[in-house]
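Numbering (our numbering), first residue to last: 68 to 247.
Yeah, the Cβ is synthetic: ideal placement off N, Cα and C, and Gly gets one too.
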Amino acid sequence: MNHGEPLQEFRKALGMFVDWVSQGKVKIKEFREAFAALDDFTVNLQDTLEELLKRSGIEDKDEWRYWWMRLAQRNSAKLCEELRKYGFSLRKEREVYERIYDREKKKPRGLAYRILELTRLGKRDEVFFSLLNIFQGVEIKPDLARAFNPVYSDELFRVFVYSFLSGLLGPEKSSPEEVE
Numbered sequence: 068m069n070h071g072e073p074l075q076e077f078r079k080a081l082g083m084f085v086d087w088v089s090q091g092k093v094k095i096k097e098f099r100e101a102f103a104a105l106d107d108f109t110v111n112l113q114d115t116l117e118e119l120l121k122r123s124g125i126e127d128k129d130e131w132r133y134w135w136m137r138l139a140q141r142n143s144a145k146l147c148e149e150l151r152k153y154g155f156s157l158r159k160e161r162e163v164y165e166r167i168y169d170r171e172k173k174k175p176r177g178l179a180y181r182i183l184e185l186t187r188l189g190k191r192d193e194v195f196f197s198l199l200n201i202f203q204g205v206e207i208k209p210d211l212a213r214a215f216n217p218v219y220s221d222e223l224f225r226v227f228v229y230s231f232l233s234g235l236l237g238p239e240k241s242s243p244e245e246v247e
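Right, here's the structure in full:
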């Protein structure tokens, strides 16, 4: 099977889009949509490679693992931003938010500090268990579960959890996306 033709079409489409941007023919909304599509593509590619690596008898497994790790690292900045937005969105989930934040005292509850300390210590299992307690009866977004993937270093894990908590517990309005 020749996979070269679809790859050439993909490169051609990307090249045309870049040309349109440079000529000022693209509206900002279209650019945001294209950027989001590229982000989705790299995350889907990472997930696909992860599934591929679970199979036995794969040729060039070490090289596939290298590309999977590279995608995981590249996607980590996007994951931080998505986790922060997710944390911010949970403020609207009154039941969840009140388990971790005391509105009357205007400060995080003890569980928030426990999660921060467990995160600092790199205790992923205990952090996950604590978050499950907060999310009782509420679905956890895959992005939050992705933060616990062992492919990410302890340092990145901390950044992910801190990003999530900063969205959940941080200032009221941090970006235009959160206001929408």
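Check	Outcome
Residues of its chain near A101, where Cβ-Cβ distance is below 7 Å and the 5 sequence neighbours each way are ignored	F84
Residue-chain proximity (M83, chain D), Cβ-Cβ < 7 Å	Absent here is chain D; the protein component of the structure consists of one chain.
DSSP-derived helix/strand/coil call for K174	strand
Range covered by the alpha helix (DSSP H) that runs through E72	G71 to S89
Exposed unless 16 or more other CB atoms sit within 10 angstroms - verdict on Q75	exposed
CB of V163 within 7 Å of CB of V205, strictly	yes
Among F108, D106, D107 and W131, the one whose alpha carbon lies nearest that of E118	W131
Outcome for R141 when other beta-carbon atoms lying within 10 angstroms are tallied against a minimum of 16	exposed
Start-to-end residues for the alpha helix (DSSP H) that takes in V93	V93 -> no alpha helix (DSSP H), and no H or E assigned at all.
Coil, strand or helix - Y180 by DSSP	helix
Residue closest to L178, alpha-carbon to alpha-carbon, out of R161, R187 and L198	L198
Contact belief for R187 with R151 at Cβ below 8 Å, rounded distance in angstroms	Not really, about 18 Å apart at Cβ, beyond 8 Å.
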